[in-house]
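Working notes for the structure below.
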Amino acid sequence: MPCLDVAEINLCDNLSDKFMRSLSSVIHLDLHFLKSMVASCKAIKYSRLIELNFYPDISVDWLDPLMVLLYNCPRLKYYTLYTAQSLPLSWNQPISIAGCLSSYLEIFRWKAYGGTEDEKQLMTYILGNSNVLKTVEIEIESNLEEGRQEIVSMPRISTSSRLLFPTKMKQWFNEQIFP
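Take 117 as the starting number for the sequence shown in our numbering and just add one per residue.
Okay, structure coming up:
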């Protein structure tokens, strides 16, 4: 039976549970996360997922569903989080560590990191529990130097991981030269 390897779910509200389950075999997923998808995070295990690009909608309190999603992606190696400054958040420290963090996650990118208290707690959790993390790339939205210093001072279990802080100009330049 053929498997779907790549999927992009882009602003599709009220997707059926059956449709979301059909994505359980994907390897690469671009997920524009809406409120209607919260239940699917709990119900579906993405056993083959290696790369996740996660775009939470501004109307969703997405931290808890994200943690459930990470638990359901045991082989995740590449994770990119795209956020907007106005996203509502409420962090609850997980009781256990997602398997992808302790055994697989190698590259973590956070685009539009705002430095709120909940974002700091999520960043601390990821850095503090990702054993094989090689690269962390954080695009800070405001007060670059202060945010950079806060992140550099966060404890990391993978001491060999590189922290990268690209600037907006560098990112724009790269997108123009290498579309």
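Yeah, the Cβ is synthetic: ideal placement off N, Cα and C, and Gly gets one too.
Mind checking which residues open and close the beta strand (DSSP E) that includes Y220? For Y220, no beta strand (DSSP E) run applies, since DSSP gives it neither H nor E.
Sort out for me which residues DSSP pairs V122 with in a bridge. Beta-bridge pairing links V122 to H144.
Environment of D133 [buried if 16+ CB atoms lie within 10 Å]: D133 is exposed by the Cβ-count criterion.
By DSSP, does R278 sit in helix, in strand, or in coil? DSSP places R278 in the strand class (E or B) of the three-state scheme.
Distance check for H144 and N188, CA to CA, integer angstroms please. If I take the Cα positions, the gap works out to 14 angstroms.
K250 versus M239 - alpha carbon distance: Using only the alpha carbons, I get a separation of about 15 angstroms.
Taking 7 angstroms as the cut-off, decide whether the C-beta atoms of S156 and M136 are in contact. Yes.
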